[in-house]
Amino acid sequence: MSARLPSHPAAIRPIAARIFAFTALAFMTACDLAIPGAGGTSGQQIDPDAPVQVALLVPGGTGQAEASAIAASIENAARLAIADLNGVEIDLRVYNTARDPGQASQMAAAAMADGAKIILGPLDATCANAVGVTVAPANVNVLAFSNNPAVAGGNVFVLGNTFSNISDRLVSYAGTQGISQFMIVHQDDLAGAVGRDAISTSIRAAGGTVSGVEAYPFSQEGIFARAPAIAAATNASGAQAVFVTDNVAGGLPILATSLDDQGLDPANTPLVGLSRWDAAPQVAALPGMQGGLFAMANAGREAAFRNRYEATYGAAPHPLASIAYDGIAAIGALAATGNRNALAAESLTRASGFAGATGIFRLRADGSNQRALAVARIVNNQVSIVDPAPQSFGRGGS
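Heads up: the sequence shown begins at -9 in this note's numbering, then just goes up one per residue.
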C-alpha cells in the first residue's frame, strides 16, 4: 500500500525544517563574484619525473563539527584516490579555509609559496572565487568543489554536479519518451531560482516548451497554500511533466503529496526532479512520486567507492567526498601522460574526460563540467534505472 504524508502542517514540520540545511549544502552560493581572466593555456608546468604537488583546501578550522567532518572526509577521499594511481606520485598538502574567503585566499597564497602546481578545493563558491583571484597571477588552476556555475571560468573549474548538467540529461531523456512540454515548479529562494533558470535553458535548448513557471514560499505552509493554484495551472497549461527543483530532505515530499491531493495525476503529468530522490527511499512510496524521473550517478561505481571508503576508514563518506576523489583522479590521469603541460587548461578540458568515483566526467572550457548520469524512474514504489549512465563521452569537445 502506498504511503502518504500526514496532511497537517505540524505533522511534517521536521521535514520542512531540514530544507535550509540541505540546500545550503547542495548549492554553495556566490554573490558578486569576480571571475579571473580566461586562459586556455593557463596552468603550471610539472616535472614528469617528480611528485606533483597538490594543495587541498578543505573547510576545516571553523570550530564546527559538521565542517570538520566534511574536511576529514574530503581529505580521506583524496588520499584514497592517490592510493589508486598507478605510476604517479602526488605530494598532497592540506590547508584549512574555515569556510572564509579571506582565509581561503591566505591559504592559497601559502600553498603557492610552498610550490603547489594546482589547487583542489575549496568547498564554497565565495572561497573558490577568492582563491581563483589570488592564484591567477601565478598561472595556477583551481578545481573547486562547488557546483555553482557563477564561480566557474578563467582559472577556476567547478567539480560539483551542476543543475544544468542534471537538467540537460533529464530533458534529453524525456524527449525520447515524447515529453517536451514542462511546467517548472520551484521553491522561492536562491537555489530554486538557479535551478529554475537551468531547467528553462535546458528545455529551450532541446527545442521544448516551458508551459509555465510556478513558485512557492520556502516553507511547508507556503507549499500547502500554493499547491491548489500550481495544480490548476499545470492541468490548464497542457504540460506533459512538472520539473521540480526541491529535494527529498526538503519540501519535495510535501509538494508531491499536495499536488496529488489537488488533482494533479502523476500518471498523466509525472514529476521530473533536479535532486537525488533515492537519498530518502521512503519517498518512492508516495503516490505523487509514481512515474517520476530523476538523475543519479553510476550506481555500481558509486557503491564501489562507498564500500572501499568504508573499508579503509571505518565510516561512510560524506556525499561531497567523491568530488575530491575525482579531482585527484583527473590530476593523476593527466600527470601519467608525461606531458609537462598536464595541468594546463587545454589538458584539463580533454574531450574524453576522466574516470571518477561515481562515473565519468569532463571539464569544460567555460569552467563548468559534464557528468555522465543515469536516469531513474519510480515504478511501483521502487527506483528503477531506465537509462544507464554512459560509459564514455561522444567525440564532441567541451
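We put the CB at the ideal spot given by N, CA and C, even for glycine.
- One alpha carbon belongs to SER265, the other to SER227, and they sit about 24 Å apart.
- Contact between the stretch 71 to 79 and the stretch 114 to 125 is absent, with fewer than three C-beta pairs closer than 8 Å.
- Between the stretch 277 to 284 and the stretch 250 to 269 there are three or more C-beta pairs closer than 8 Å, enough to call the two in contact.
- ARG340 sits in coil when the DSSP states are folded into three classes, being neither helix nor strand.
- If you draw a straight line from the Cα of GLY105 to the Cα of GLY263, it comes to about 43 Å.
- Secondary-structure assignment with DSSP links TYR85 through a beta bridge to LEU47.
- Three or more pairs of CB atoms, one per stretch, sit closer than 8 Å, so the stretch 96 to 112 contacts the stretch 42 to 56.
- Residue pairing by DSSP places LEU261 opposite VAL232 in a beta bridge.
- In the DSSP assignment, ASP187 falls within the unbroken alpha helix (DSSP H) covering 180 to 195.
- In the structure shown, VAL238 adopts coil according to DSSP, grouped into three states.
- Residue environment analysis places ILE375 among the exposed positions, since fewer than 16 neighbouring C-beta atoms fall within 10 angstroms of its C-beta.
- A Cβ-Cβ contact shorter than 7 Å links SER201 with GLN171.
- Judged by their CB atoms, GLY357 and GLY143 are nearer to each other than the 7 Å cut-off.
- Per DSSP, reduced to three states, the secondary structure at ARG298 is helical.
- Per DSSP, the continuous alpha helix (DSSP H) segment holding ARG69 begins and ends at 55 to 74.
- Inclusion of ALA325 and VAL125 in the CB contact set at 7 Å is not warranted, their separation being larger than that value.
- Pairing LEU333 with GLY33 gives a Cβ-Cβ distance under 7 Å.
- For the 7 Å CB-CB criterion, LEU113 and PHE135 form a contact.
- When Cβ pairs closer than 8 Å are counted between the two stretches, the stretch 155 to 164 is seen to touch the stretch 193 to 200, the count reaching three or more.
- Positions of the alpha helix (DSSP H) runs, each at least 4 residues long and wholly inside the stretch 265 to 327, are given as 289 to 303, 311 to 325 in order along the chain.
- The residues THR116, CYS117, ALA120, in chain order, have a CB closer than 6 Å to that of PRO91 in the same chain once the five nearest residues on each side in sequence are set aside.
- Per the Cβ contact rule, the stretch 333 to 348 is in contact with the stretch 284 to 299 (3 or more Cβ pairs under 8 Å).
- Taking a contact as a CB-CB distance under 8 Å, the pair VAL373 and ALA379 does not count as one, their CB atoms being some 14 Å apart.
- For SER248, the closest C-alpha among the options ALA269, GLN210, TRP267, ALA311 is that of GLN210.
- In the DSSP annotation of this structure, the continuous segment of the beta strand (DSSP E) that includes ALA364 starts and ends at 364 to 369.
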